[in-house]
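Participant: Each residue of the sequence shown is one higher than the last, beginning at 361 in the working numbering.
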Amino acid sequence: MAYWMNKKPCWEIKNCSPEKKENCTAFHNQTLPCWAVGGRHGGTCHDTEKCKGCQVYLQYGKGRPILVYVDEKTNA
Numbered sequence: 361m362a363y364w365m366n367k368k369p370c371w372e373i374k375n376c377s378p379e380k381k382e383n384c385t386a387f388h389n390q391t392l393p394c395w396a397v398g399g400r401h402g403g404t405c406h407d408t409e410k411c412k413g414c415q416v417y418l419q420y421g422k423g424r425p426i427l428v429y430v431d432e433k434t435n436a
C-alpha cells in the first residue's frame with residue numbers, strides 16, 4: 361500500500377462496493393496510484409481520459425502525467 365499510505369484510497373473516495381474492488385486492478389495493485397494502473401478499475405475507469413476529471417486524480421495527481429504501467433503477466 362505504498363502509494364496510498366497517509367492518503368484516502370480511491371476505492372474509499374469513490375465508495376466502491378466489495379464487488380467493484382474485487383474486479384479492480386487498482387485495488388489489487390496498491391503500490392501505484394489508480395491512474396497509473398492498467399486494466400479496469402471496478403468497471404468504472406478503464407480510459408485514462410476519464411482520470412483527468414476524476415476527483416481522486418484531481419486531489420492527488422493533478423498536473424502529473426498519466427502514465428499507465430502494464431503488468432506483462434496479465435497485460436493489465
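The beta carbon of each residue, even a glycine, is placed where N, CA and C say it ideally should be.
These numbers were taken from a predicted model, which means no experiment stands behind them.
Tell me which same chain residues have a C-beta within less than 7 Å of the C-beta of residue 408, skipping the five on either side of it?
Facilitator: Once the five neighbours on either side are set aside, the close Cβ partners of residue 408 are 395, 426, 428.
Participant: Within a Cβ cutoff of 7 Å, which residues of the same chain sit near residue 417, ignoring the five residues on either side of it in sequence?
Facilitator: Excluding sequence neighbours, residue 417 sits near 395, 411.
Participant: Can you have a look at residue 434 and say buried or exposed, based on whether 16 or more other CB atoms are within 10 angstroms of its CB?
Facilitator: Only weak support is given to the placement of residue 434: the predicted model assigns it a pLDDT of 49, under 50, and the question is left unresolved by the model.
Participant: For residue 391, does the count of other Cβ atoms within 10 angstroms reach 16, so buried, or fall short, so exposed?
Facilitator: Exposed.
Participant: Could you pull out every residue in the same chain whose Cβ sits closer than 6 Å to the Cβ of residue 387, ignoring the five residues on either side in sequence?
Facilitator: Hits under 6 Å: 371, 381.
Participant: Ends of the alpha helix (DSSP H) at residue 373?
Facilitator: Here the alpha helix (DSSP H) through residue 373 covers 370-373.
Participant: Rank 397, 398, 393 by C-alpha distance to the C-alpha of residue 420 and give the top, closest one.
Facilitator: Measuring from the Cα of residue 420, the nearest candidate turns out to be 393.
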